[in-house]
Every structure is written in structure tokens, then in C-alpha cells.
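Heads up: the structure comes next, in C-alpha cells.
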Amino acid sequence: MITQTMVLSGEYYDSVTLLQVAQGLLALPGIADAAVVMGTPANKGLLVEAGLLTPEVEAASPDDLIIAVRAADAPAALKALGEAQTLLKTSRRTATGGSGLETPPKTLGAAIERLGGEANIALVSVAGRYAAGVAREALHRGLHVFLFSDNVAVEDEIALKTLAREKGLLVMGPDAGTAILNHVALGFANVVPPGPVGVVAASGTGLQAVTCYMAREGVGITQAIGVGGRDLKAEVGGIMMLEGLKALQADPATKVLLLVSKPPSPEVAEKVLTQVRQGDKPAVVLFLGGDPAEITRAGAIPVADMEEAAAVAAAVALGKNPADARINLRQRDLSLKTRAAEVRRQLAPGQRYFRGLFSGGTFCYETQLILKGMGIEVQSNAPVEKRLRMADATRSVGHVAVDLGEDEFTVGRLHPMIDPGLRNRRILHEAQDPETAVIFLDVVIGYGSHADPAGEAVKAIKEAQTIARDAGRELLFIASVCGTADDPQDLGLQEARLEAAGVMVLPTNAAATRLAGHVLDF
196 MITQTMVLSG
206 EYYDSVTLLQ
216 VAQGLLALPG
226 IADAAVVMGT
236 PANKGLLVEA
246 GLLTPEVEAA
256 SPDDLIIAVR
266 AADAPAALKA
276 LGEAQTLLKT
286 SRRTATGGSG
296 LETPPKTLGA
306 AIERLGGEAN
316 IALVSVAGRY
326 AAGVAREALH
336 RGLHVFLFSD
346 NVAVEDEIAL
356 KTLAREKGLL
366 VMGPDAGTAI
376 LNHVALGFAN
386 VVPPGPVGVV
396 AASGTGLQAV
406 TCYMAREGVG
416 ITQAIGVGGR
426 DLKAEVGGIM
436 MLEGLKALQA
446 DPATKVLLLV
456 SKPPSPEVAE
466 KVLTQVRQGD
476 KPAVVLFLGG
486 DPAEITRAGA
496 IPVADMEEAA
506 AVAAAVALGK
516 NPADARINLR
526 QRDLSLKTRA
536 AEVRRQLAPG
546 QRYFRGLFSG
556 GTFCYETQLI
566 LKGMGIEVQS
576 NAPVEKRLRM
586 ADATRSVGHV
596 AVDLGEDEFT
606 VGRLHPMIDP
616 GLRNRRILHE
626 AQDPETAVIF
636 LDVVIGYGSH
646 ADPAGEAVKA
656 IKEAQTIARD
666 AGRELLFIAS
676 VCGTADDPQD
686 LGLQEARLEA
696 AGVMVLPTNA
706 AATRLAGHVL
716 DF
């Protein structure tokens, strides 16, 4: 085998294009592995793991494009590098109308004009350094903004949200993963029914989780507004959480409010809860890891995790007693202890560690909190406490929960909900560790996600099981699927594929985490 690389200086392509080019190279004869990525430190780390790093690649800057291949011989490698350049040029011609199709508008103004002036929201997904300028123009044109782009400076976020508030508009994001507005999904979202619950969330996967879990209870939403993960930090001040909350309080169709966030800064929490108190609608509040007493004092209902948030909000919407919903969850958890005791027997001596590989940041955070409550400390690249930060997110030591959607893994490459390749490689890596006991996965379906994430995961799961069994071990795979039966990928089908591969599938991330915690409690 031979490894050859090429660096194209100052060339930028979107991550979807890079994935498509890499897949095209992998289909060529004689190509064992290929990567087409931007030259970020995180991507170089992945190339090291794949054995594709060369001195040329090591010298590349984050603004450079790297093409790397491992081939059977030099002619195959050279052919692949040439094919990569051809595919990249073709993608540019297509993007500029070279395919004969209608040329896409090149400016925001042209796009608005093409829609006849009827647009009222702009979805912005450009490189982070350009995103603020595009979003600002959209606001000045009277459009709400769904800012999908990440790597946007917090100063720009504050300025954009302040401007939006002055204009009576919303800025959802930056790094906004999800919104469902008037039952139209933006970003990563799911097919959920209409109903009486209005959601505001500073978490994309958190918003997906609560809307999907409520849908399974037969309860739908009016609106689901994602405001971006930094909105409730002290610097930003909860500007859009407050604006979204006010909008839902004034909406006659919204009967129940549901707020979702990681712990806000104390001053922002006070602002949000003051606004909740001023309204007359029942509110369920999930501040993951926050103080429930503060929420209760505001006249709202505190909940501890996303499945409880959905169960309680659904109960309130249906006119049922929220306490009964909590009792049902506790009874379910008792059965998990029995199941854990049974499967634990499969582990060999020395298998003792939890390895969580997450595509959703809020799932990763929730899992850490639940395990902490069970007496299990977990290190992470997105830790619940600073002292628990992983020294190297590409290397697992002890119990770990890795958020593969963090910027360190996604700059210059697709999010793991779209491209599961990164997680699949990590599954195989964890399988080689004789101390790995549980490999834990969140599988997220719906619009924007991979067409068959469970099917892709199963490929790696089966290979990982073979690795472990050849070494005289068994691996316990535990997972949950976030989605609904009406999603394009079909919740039931995705769960069935995982179960057929020997994965223990639970209905929620919290339930799956508790099962894992009970397995490790020995």
C-alpha cells in the first residue's frame, strides 16, 4: 500500500461536497482509504489515526484543502488524486449553473426577488467568518434568521440578536441545529404532530428529543424555536430565549410552555424565570443540572432530564397529573436494574469502562449528569465540570462521553448525524480496548440526518463484536433512537436494525444511560 496526498492552498468547499468527493474516491479500484478535508488540527488528528498524515499534510493550514489516499500502488493513487480535482471542479460548475439547471441566486437580494418577496425567514449556512454579515443583511431586509453556521464570534451573536430584538425578529443560532416553525422543519428536525405545546430550546438535539418523546405520547407542538447553545450564557443574556418565550406566551394556540437548556448563568436564569412568572400559561422547565427550587419559586414545573420533560409536558397538555408521569418513569427504571444484572454476566474480568460516542451534544451532557448522579464520573470533551475535560478527545481513558458534534470534530467536515464515518471508526477503536465494557450510542433520525444511521452503525458494531470475540470478550452495545414513526428513516425500522445486531435499544437517552449505569455498578 502507498499513501499519497495533495494540498490545495486557500481552497474552500462545503462539507457535503467534500464527503461526496471522498466517497467517489473510495469507489475507485485500488483505493483502500481516502479523505478530503480542510486542514484543521482536528482533521489532521483524524488523518494520523487513519495513517494518512504526510509532511505535506502536516504543514497545511486550516484554510487549505487536503486530499489523501491509501492505494494499492502509485498509479492508483495518482489517478485518485486527479479524480478528486475533477470532482471538485465539477461541483463548482454545478453550483454556478453549469449543469443546465436554473442558476442558483448568488445574493440574498436575488433569492428574495426570486421568491417574489414572500420570504420571511433566511436559513444561513456559510463559513462562520462570513455568517454574521449574511445574517445582518437578512435582518435589515426584515427576515427572521435561522443561523445554522457555527464558529461565529460571540460578539457577532450579541450584535445580531440585539438588532433582531429591535426589529421584532428572531435570530435562531448561531450553530442552530433545529427549529419547527408553523410545522415546517428547519435543520435537523423530526415529523411531529401539531398540538398545544410551545417549545423554546437552547439545544438542537434537546429540542428534537422532547418533541419526539411528546409525539410518542400523542402530544404535538405549536412552535419549536431553537435559539443556539450560547443564548443563555451571561454574555448573550438569553436575548432570544426571552423573545421566543414572549412570542409563545402571546400565542393563543400555545397552551403549555416547555423550555430546554443546559444550566443558564444565574442572572440569565433569573430573567427567564421572571418572564415565565409574568405569564399565565403552565411552564415546564428543563435546565439540565440546574436548581429545581428556583424553577418552582417561579411557578413553573422543574424536570431533571429530557424524557421527564416530555412526559410531564405531555401530561399537563392532556390534563393529567404530572406526578403520575414521574411514577411511571421510576417504575420503568426499577426494571432496568434487573436487566442490567442479567447482561453484566457477559463481561469478562477487567471490562469496566463506559464509552459513550454521541452525535448529539445535549444527549452527551444528559448522560454525564445521570451517570454522575449514579456515582459514576465520566470524562468528556464537553464536560459537566471543567476538571473532567478529556486530555485528548481522540483517546479514551476510563469512562468517557465524547461529543463528536463538537467543533473540534466538525470544522471542515460533516456533522456525525449526516456522516457516521467518524463514529464508526471510533467504535472499532474502542472495541480494541480490553477494558471497554459498554459502547453507548445515540442515533438521531429525521430531516437532515443520514438516510439510514442505524444501518451504518450496524456495520461497525458487527466488526467491533468480531474484534472483541476474537480476543475472548463480549461488548455490550446500548443505544436509543431519537425520532418518530413518521420520520423518513422510520423509528421502528431503525430500532429493529440495531436490535437485530444485538444492541440493547431503550426508548430514550435517559433510560439507556440508566441501564448502562446499572451495568457498571459492580
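Here the sequence shown is numbered in this note's numbering, starting from 196 and rising by one per residue. Glycine included, every Cβ here is placed at the ideal spot set by N, Cα and C. Note that this is a predicted model, so its numbers are computed, not measured.
- By the neighbour-count definition (other C-beta atoms within 10 Å, threshold 16), Thr302 is an exposed residue.
- When secondary structure is reduced to three states using DSSP, Arg664 falls in the helix class.
- For Arg534, the enclosing alpha helix (DSSP H) begins and ends at 517-539.
- The Cβ neighbour count for Leu529, taken over all protein chains shown within 10 Å, is under 16; the residue is labelled exposed.
- Assigned with DSSP and collapsed to three states, Ile622 falls in helix.
- For the pair Val606 and Ala237, the CB atoms are nearer than the 8 Å cut-off.
- Note on geometry: alpha-carbon atoms of Val211 and Ile613 lie some 9 Å from one another.
- Unbroken beta strand (DSSP E) stretches of 3 residues or longer found wholly inside the segment 196-261: 197-203, 226-233, given in chain order.
- Beta-bridge pairing by DSSP links Tyr560 to no other residue.
- One Cα belongs to His713, the other to Lys657, and the distance between them is close to 24 Å.
- If one requires a minimum length of 4 residues, the alpha helix (DSSP H) runs lying completely within the segment 321-395 are 323-335, 349-362, in chain order.
- Note on geometry: alpha-carbon atoms of Ile622 and Ser591 lie some 11 Å from one another.
- Looking at the DSSP output, Ser575 sits in a beta bridge with Arg584, Ala596.
- For the set Asp602, Ala380, Ala706, the Cα lying nearest the Cα of Val347 is the one of Asp602.
- Rounded to the nearest angstrom, the gap between the Cα atoms of Ala588 and Gly312 is 46 Å.
- Taking 8 Å as the cut-off, the beta carbon of Arg521 is found closer than this to the beta carbon of Glu503.
- Spanning the alpha carbons of Gln541 and Lys466 requires a straight line of approximately 50 Å.
- Between Val202 and Ala255, the gap from beta carbon to beta carbon is short of 8 Å.
- Per DSSP, the beta bridge partners of Tyr642 are Ala384.
- Per DSSP, the beta-bridge partners of Gly551 are Ala596, Phe635.
- Rounded to the nearest whole angstrom, the C-alpha separation of His378 and Ala419 is 9 Å.
- When the beta-carbon positions are compared, Gly568 and Gly600 stay at least 8 Å from each other.
- Residue environment: Leu468 is assigned as buried (16 or more neighbouring CB atoms within 10 Å of its CB, all protein chains considered).
- Beta-bridge partners assigned by DSSP to Pro497: Val480.
- Counted as a single uninterrupted DSSP element, the alpha helix (DSSP H) harbouring Leu443 occupies residues 434-444.
- Here Ala326 has Val319, Leu342, Ser344, Val347, Pro369 as same chain residues with Cβ atoms under 7 Å from its own Cβ, once five neighbours each way along the sequence are excluded.
- Between Arg618 and Leu552, the CB-CB gap stays under 8 Å.
- Using a Cβ distance threshold of 8 Å, Ala663 and Ala695 do not count as a contacting pair.
- In this structure, the alpha-carbon of Gly225 lies about 47 Å from that of Ala410.
- In the three-state reduction of the DSSP assignment, Arg425 falls in the coil class.
- Leaving aside the five residues that flank Thr281 on each side, none in its chain has a CB nearer than 6 Å to its CB.
- In the three-state reduction of the DSSP assignment, Met699 falls in the strand class, which pools E and B.
- Restricting attention to Thr631, Val639, Gly593, Ala632, the CA atom closest to the CA of Pro615 is found in Val639.
- Per the coordinates, the alpha-carbon of Ala596 lies some 14 Å from the alpha-carbon of Ala707.
- Distance from the CA atom of Leu440 to the CA atom of Ala397, rounded to whole angstroms, is 12 Å.
- Taking the Cβ atoms as the reference, Leu453 lies roughly 6 Å from Val405, within the contact range of under 8 Å.
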